[in-house]
Amino acid sequence: MKDPYENIEVGDVINGSDMKVDQEKIAEFAEVTLDYNPLHLDEKFMKKASFGKTQYGGIIGHGLLNYGVITRMMTDWLWPRGGIHRRLQTKHVKPVFPGDTILPNATVLNKSISKNTRWVVFKIELKKQDGEVVVEGESLAEFPAEQIK
Amino acid sequence: MTEPNEELKIKSQQKDFWEIWENRKTWDEIQPGELRPTVPVTLTKEAIQRYATAIGDLNPLYFDEEYAKKSQFGGLISPPSIHSYLMFACTPIEDWMREPGTINAGQSWYFNLPARPGDTIRLVCKALDRYIKKDRLFIIHENVFYNQNDEVVCSGIGWTIRPR
Chain A
1 MKDPYENIEV GDVINGSDMK VDQEKIAEFA EVTLDYNPLH LDEKFMKKAS FGKTQYGGII
61 GHGLLNYGVI TRMMTDWLWP RGGIHRRLQT KHVKPVFPGD TILPNATVLN KSISKNTRWV
121 VFKIELKKQD GEVVVEGESL AEFPAEQIK
Chain B
150 MTEPNEELKI KSQQKDFWEI WENRKTWDEI QPGELRPTVP VTLTKEAIQR YATAIGDLNP
210 LYFDEEYAKK SQFGGLISPP SIHSYLMFAC TPIEDWMREP GTINAGQSWY FNLPARPGDT
270 IRLVCKALDR YIKKDRLFII HENVFYNQND EVVCSGIGWT IRPR
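These protein sequence lines map, in sequence, to chains A and B. Just so we're aligned: 46 in this note's numbering is position 46 of the first sequence, and the numbers increase by one with no gaps anywhere. Take the position in the second sequence, starting the count at 1, then add 149; the result is the number in this note's numbering.
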């Protein structure tokens, strides 16, 4: 079998699965992570709350739900190819509101080889249904050389 | 290291973040470099599967023991982002990460080993830096999760904007 690492090319794009983020999904994520911050659950509080000059006018989704949707895309793609998801850095540039659908993608930026192993660097994006980017980030995957048979 | 404490464990499940909120440290009081109190937790299969289901990730490596046994991992594991649950499971209700209105601005995690069902996970964490940008109060915090063999599971940095 050809080494999957050899087949990866700079510019390759991975499209992950989308997720509808509604109030129910946000409440479920709060339950499973124990993150019950009123930001995500208390509509009355969020209607009035100010964050510096920013007002959201209602509850917002967990940034870490975005994060989990992205790691799922990465492991779904990497594990069958012998890759290991090593790193994910994300910056939340816009909030996600109930009713939004989020959709992650990754683009291969670079391949490199260190002393002991092999790496792929990905540019990460998470967009809303209207194409607005809500998360920007970078990811790193390892492809251990012993996978070569 | 903080010893397991039943009372704290129960309190990490607390749903009302307003309870005792005035006792939590404010941006002024959070001392960079000072360790946050934490509580080791045993990661259950149920907690992993509930988390995986919520993020829409039904990979059999988290659900199917037979499949996972034959995989490169030799048994059930959890998704890399299980730290999202462990961060709250391993910290008491007084922890400043629960301050109502704490905005998550970003994070960066390095995944070393998968956490597995039955692992006892402990967290070592602290604020590392604080700064003001565009009138907003930022804290940079760092976190390392270890398993019962003192192996690093994952390590990360987070940026939060503080409400007070």
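Just so you know, even glycine gets a beta-carbon here, dropped at the ideal spot from N, CA and C.
- Between V32(A) and chain B, the shortest Cβ-Cβ separation is below 7 Å.
- Within its own chain, the residues whose Cβ lies closer than 7 Å to the Cβ of R87(A), once the five positions on either side in sequence are excluded, are S139, L140, listed in chain order.
- Those residues of the region 225-244 of chain B placed with their C-beta closer than 7 Å to a C-beta in chain A are P228, P229, S230, S233, Y234, F237, A238, ordered along the chain.
- The Cβ neighbour count for V301(B), taken over all protein chains shown within 10 Å, is under 16; the residue is labelled exposed.
- Against chain B, the CB of H85(A) has a partner CB under 7 Å away; the residue lies at that interface.
- In this structure, T101(A) lies away from D35(A), with their beta-carbon atoms at least 7 Å apart.
- Nearest to E9(A) by alpha-carbon distance, out of E132(A), S112(A), E136(A), is S112(A).
- The alpha-carbon of A30(A) is positioned some 34 Å away from that of F143(A).
- Ranked by Cα distance from D76(A), the first of L272(B), E248(B), P209(B), G182(B) is P209(B).
- In the three-state DSSP reduction, Y280(B) falls in the strand class (E or B).
- Within the region 250-264 of chain B, the residues whose Cβ lies closer than 9 Å to any Cβ of chain A are, in chain order, G250, T251, I252, N253, A254, G255, Q256, S257, W258, Y259, F260, N261.
- Beta-bridge partners of E138(A) (DSSP): Q89(A), K123(A).
- In this structure, DSSP gives I113(A) an extended state, which the three-state scheme calls strand.
- Close CB contacts of F166(B) within its chain, under the 6 Å cut and outside five residues either way in sequence, are with R247, P249 (chain order).
- Against chain A, the beta carbon of I204(B) has neighbours under 7 Å at L65, G68, V69, R72, listed in chain order.
- Residue contact with chain B for Q55(A): absent (no Cβ-Cβ distance below 7 Å to any residue of chain B).
- Residue contact with chain B for F29(A): present (Cβ-Cβ distance below 7 Å to some residue of chain B).
- One alpha carbon belongs to Q180(B), the other to H290(B), and they sit about 11 Å apart.
- In this structure, DSSP gives H40(A) a helical state, which the three-state scheme calls helix.
- Contact check for G61(A) against V96(A) passes: the beta carbons are separated by less than 7 Å.
- In chain A, no part has a C-beta under 7 Å from the C-beta of N172(B); the shortest such distance is about 17 Å.
- In the structure shown, A264(B) falls within a coil segment according to DSSP collapsed to helix, strand and coil.
- Leaving aside the five residues that flank G63(A) on each side, the residues in its chain whose CB is nearer than 6 Å to its CB run, in chain order, H92.
- L207(B) and T71(A) have their C-alpha atoms some 13 Å from each other.
- Counting only the Cα atoms, L78(A) lies some 16 Å from G11(A).
- Annotated as proximal: D268(B) and N296(B), with beta-carbon spacing under 7 Å.
- At a beta-carbon threshold of 7 Å, none of the residues of chain A lie near N296(B); the nearest stands roughly 17 Å away.
- Looking at G307(B), I204(B), K275(B), the one whose alpha-carbon comes closest to that of K25(A) is I204(B).
- DSSP links W258(B) through a beta bridge to L88(A), G305(B).
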